[in-house]
Amino acid sequence: MGLNSATWIIEGVKRMDRVHFWNGNKSSSRQAYEVALLKACLRITDVNGQATSVYIDNTDYPGAADEGRVFETGADVLVTVAGNSKFDGINKLVVPSPLTKGLLGFRLLIVRDASLPQFAKFRSQAQLQQHSIGIPNTWADAALFRHNHYPVVERGSLDELFHRLKHKEFDYVALGVNEIEDIYNHLAAPLGGLSIEPSLMLYYPFPLVFYVNPNRPELAKRLQKGLQALQDTNEFSTIFNHNHDNLLEKFSLAGRTLFTLENPQLPQSMVNFQASLLD
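Taken in order, the sequence shown gives residues 455 to 733; the numbers are from the working numbering.
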């Protein structure tokens, strides 16, 4: 989508500030949650009842270099995985507070229906490592899977991914539990012959954080303050639960066979990150 598809959301009546939020990830469910959380951070840190307007920019940047230069387009803030290599060497301010309890790092698989009996027999990570994973070009987790000795087919876009899976270019796709249903329903299910595998789950530390334009240090401080305030008032959990209702039960997460991977891309400030989803 281009900038013409971006929308304004006005928080309150008066406007003391304006925030350009690049909300360009591929899942509408993730987009909705990230907008809700950003708006809550800004609202809870409003000064003297004055409000902040948010410009929501859904521009799709197919190239990693283009996405890495998003601050040059005027964006003030975005949400991405901590340590995203697309932003290596890019001046930025990182708000080091995880936004989704590590949800994106819990990955479920989409496979061909004919492969379901085979995948149901896997009991070790070594068995899964004999099969190839398909990942869209430039996605941050391709290097992570290679680091963990998984054969990776990194090619094309998300829109093309499930056509390739169906035509046996690779054996499965892995997506976060907070995005898989939306993406499956829109892109995989219409093709037929593909299913969300019901018995396996991967996990790696993959926290989502705010990256802020270095020219907006006051915004970075405000978002950090807002996240803390949301935690202190329990509003963070309310927003999280509203946007991720019953995921544990819907996908039977607690009963799945779990394979754990390392994430070598985590920044030093988050190397001890542990997801809290299943706590």
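C-beta: ideal position from N, C-alpha, C; glycine also. Predicted, not measured: the structure shown is a model, and the values here were computed from it.
Distance from the CA atom of Leu684 to the CA atom of Phe690, rounded to whole angstroms, is 5 Å. Leu673 counts as buried, since no fewer than 16 other beta carbons sit within 10 angstroms of its beta carbon. Taking all protein chains shown into account, Arg472 has fewer than 16 neighbouring C-beta atoms within 10 Å of its C-beta and is therefore exposed. Per DSSP, Tyr658 is not a residue of any beta strand (DSSP E), being assigned neither H nor E.
Beta-carbon to beta-carbon, Leu562 and Val631 are separated by about 6 Å, close enough to satisfy the 8 Å threshold. Taking a C-beta distance under 8 Å as the contact criterion, Val535 and Phe660 qualify as a contact pair.
Distance from the CA of Ala505 to the CA of Arg497, rounded to the nearest whole angstrom, comes to 7 Å. Leu491 is the residue among Glu703, Leu491, Asn479 whose C-alpha sits nearest the C-alpha of Thr692. Our two residues, Phe713 and Ser507, have alpha carbons roughly 42 Å apart in a direct line.
For Asn591, the closest C-alpha among the options Pro718, Gly517, Leu662 is that of Gly517.
Counting along the chain, no alpha helix (DSSP H) covers Ile544, and no H or E run does either.
In the DSSP assignment, Tyr509 falls within the beta strand (DSSP E) that extends over 505 to 511. Listed in chain order, the non-local C-beta contacts of Gln728 below 8 Å within the same chain comprise Gly556, Pro659, local neighbours out to five positions each way being set aside. DSSP places Asp471 in the uninterrupted beta strand (DSSP E) bounded by 469 to 476.
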